[in-house]
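Below is one structure, written out as structure tokens; comments come after it.
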Amino acid sequence: MEYVKIFDTTLRDGEQAAGASMNIEEKLRIALQLEKLGVDIIEAGFPAASEGDFEAVKNIAKNIVKSEVAGLARATEDDITKAWEAVKYANKPRIHTFLATSDIHLKYKLKIDRAEALKRAVWAVKFAKKFTDNVEFSAEDACRTNIDFLCEVVEAVISAGATTVNIPDTVGYITPQEFYEIIKTLKNKVKNINKAVISVHCHNDLGLAVANSLSAILAGARQVECTINGIGERAGNAAMEEIVMSLKTRKDFFNFNTKINTKHIYRTSKLVSQITGMIVQPNKAIVGANAFAHESGIHQDGVLKERLTYEIMTPESVGIPQSLLVLGKLSGRHAFKKRVEEMGYELTEEQLNKAFKRFKELCDQKKHLYDEDIDAIISQEILNLPEKFKFVFLNVVSGNRTTPCATVEIEEDGKIIKEATFGNGPVDAVFNAIKRITKTKSKLLSFVISAITTGTDAQGEVTVKLEQGGKQVLGKGVDPDVLVASAKAYINALNKLELKKDLIKVNREDLP
Ligand code: KIV
Ligand code: ZN
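The numbering used here puts the sequence shown at residues 294 to 805.
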């Protein structure tokens with residue numbers, strides 16, 4: 294079976310997404326995870342763009358062993374030299390040079406004609422070839438390029454030595470059928486096309502990036518450029534997880550493999566989201582919180598009897614832990630019981646009935662209940678498990694001309710402990726004080742404030758996510774004062790971490 298190369302550009306085009314910039318360390322963490330995921334090529338950045346980009350690409354090149362490492366370069370001597378200087382440390386380096394070929398770009402952006410563009414493209418590939426054999430050329434805005442001219446450029450750059458020719462839909466304009474025709478035309482008309490790999494790079498402005506990429510594969514493309522979670526310039530790039538899982542799930546139709554270890558997809562998605570701060574929409578295919586959430590009772594019942602009824606792929610196949618599946622208003626007692634057991638609780642029938650009743654009541658107030666909510670029902674209301682830390686008092690001094698300072702009192706095992714600390718902001722000061730009192734070292738993964746009623750006197754709800762020793766918990770706090778809500782949420786999460794530590798013990802020994 295033929296295979297399609299996965300070229301990941303999360304660290305280059307993905308980073309071009311508004312607000313998604315990453316530092317050198319963060320980029321390396323993502324690159325290492327991409328290598329684990331099994332991507333063929335990691336586009337590590339655009340070395341000529343800034344000193345930071347150059348260093349990040351160099352750092353990645355030095356640390357990645359299995360995947361190829363590519364650096365992007367415009368068709369200039371300076372860019373190509375810089376790209377090489379950064380990727381040359383890689384086990385398998387690649388220079389990726391590009392030049393626009395559409396009349397719109399030539400006329401308005403580059404102010405050159407087609408003949409000049411052709412000359413520059415060929416020159417760039419030949420210049421890059423002086424450094425490495427592994428050269429990719431991209432015809433920027435290829436999908437709005439005159440098809441005869443595109444064929445001419447592709448043939449010329451392959452003759453100049455390009456080993457990969459990339460056909461980007463830079464502005465997300467093409468449709469699947471049209472893209473199929475473009476790739477087919479290149480296959481049929483470009484004499485030396487078999488000497489290079491055809492790659493595609495689709496943007497998602499019309500929401501067609503994945504469909505276009507798949508269509509191109511059917512027409513003969515053997516490399517797809519994509520990003521994790523589909524992040525990227527404007528509406529983003531084709532989402533890797535969607536392309537890979539389409540090929541895998543519909544192997545009967547596409548008949549192509551990739552080298553991706555799909556079990557690492559979810560972790561990679563989480564890491565990219567955490568590092569870039571770009572939240573994954575709940576209904577996002579493959580990695581969204583609801584992607585495998587069967588909400589209706591009929592669906593849940595079907596899935597429990599036989600997954601194939603409503604699941605075309607399993608959450609496990611993309612590495613989603615069972616515990617992330619959400620329950621809702623239409624969930625039946627059977628699904629609830631199964632989840633409670635998976636969470637490690639052994640309840641009596643009576644306790645289970647009580648918990649299920651409470652669960653249903655909460656469902657009327659909240660659309661989805663997560664493990665954390667079920668955890669709260671069982672630990673606090675059914676088993677009355679003790680809270681190690683209890684919030685007592687908070688005073689915060691903050692403002693534009695003062696260093697924020699928080700004084701916090703917490704009751705721990707019946708003893709009141711008080712601490713005052715500074716912070717970078719009032720919330721930071723509050724959390725620093727709590728950490729001091731509780732002597733905990735958990736990592737704050739996320740912090741979200743939302744209003745649960747309207748107006749300036751609204752109740753604020755704070756949700757924090759903490760991690761310690763590989764365990765993640767959500768803590769919630771509600772109060773009209775958002776700083777008090779923050780303190781309550783943080784303490785709530787710390788109590789859950791404490792409970793998780795002892796969960797096994799609790800099940801065996803503390804049950805009434
Ligand atoms: O969208 C695009 O055309 C690009 C190229 C540089 C490959 O990102
Ligand atoms: Zn792009």
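For every residue, glycine included, the Cβ atom is placed at its ideal position computed from N, Cα and C.
Item	Value
For D668 and F347, the rounded distance between their alpha carbons	46 Å
Beta carbon of S735 nearer than 9 Å to that of L687	no
S616, DSSP secondary structure in three states	Residue placement at S616 is flagged as unreliable, the pLDDT there being 49, under the threshold of 50; the coordinate-derived value follows with that caveat. S616 falls in the helix class under three-state DSSP.
heavy atom of the ligand ZN below 8 Å from H389 C-beta	no
Given D666 as reference, the closest of N646, T756, A435 and D706 once Cα atoms are compared	T756
E760 CB to nearest heavy atom of the ligand KIV below 8 Å	no
C-alpha distance - T374 paired with H557, whole-angstrom precision	34 Å
Beta-ladder partner(s) of V755, from DSSP	I742 and G770
Three-state secondary structure (DSSP) of R600	helix
Buried versus exposed call for F546 [16 or more other C-beta atoms within 10 Å across all chains shown]	exposed
Cβ contact (3+ pairs, closer than 8 Å) linking the stretch 530-547 and the stretch 504-522	yes
Option in I521, F684, L640 and Y783 with minimal Cα separation from E308	I521
Proximity below 9 Å, CB of G465 to CB of L511	no
Burial state of I397, where buried means 16 or more other Cβ atoms lie within 10 Å	exposed
beta-carbon P461 near the ligand ZN non-hydrogen atom, thresh 8 Å	yes
Rounded distance between the beta-carbons of V596 and H587, thought under 8 Å	5 Å
Where the alpha helix (DSSP H) through G345 begins and ends	E344 to N356
9 Å Cβ cutoff met for D434 and T394	yes
9 Å Cβ cutoff met for D333 and K298	yes
Through-space distance from T569 to A313, alpha-carbon basis	5 Å
Backbone secondary structure at L737 - three-state DSSP	strand
Three-state class that DSSP yields for V297 in the structure shown	coil
Segment limits, beta strand (DSSP E) that includes P278	Any property of residue 278 remains undetermined from this structure, which presents the chain solely from 294 to 805.
Which residues DSSP lists as bridging T520, in chain order	A532
E471 beta carbon less than 9 Å from that of C436	yes
Secondary structure of N688, DSSP reduced to three states	strand
Exposure label - S360; buried when at least 16 CB within 10 Å	buried
N-terminal and C-terminal residue of the alpha helix (DSSP H) that A414 is part of	R407 to K422
Residues bridged to R543 [DSSP beta-bridge criterion]	None, per the DSSP bridge assignment.
Contact test: E361 Cβ vs the ligand KIV heavy atom, cutoff 8 Å	no
Outcome for K764 when other beta-carbon atoms lying within 10 angstroms are tallied against a minimum of 16	exposed
Burial state of N725, where buried means 16 or more other Cβ atoms lie within 10 Å	buried
Neighbourhood of A420 by C-beta, 7 Å cutoff - its chain only, sequence neighbours within 5 removed	The residue you asked about is not Ala; residue 420 is Phe in the sequence shown. The answer, listed in chain order, is E370 and I373.
A786 (DSSP reduced to helix, strand or coil)	helix
Touch test, the stretch 403-420 against the stretch 380-387, Cβ-Cβ under 8 Å, three pairs minimum	no
I323 (DSSP reduced to helix, strand or coil)	helix
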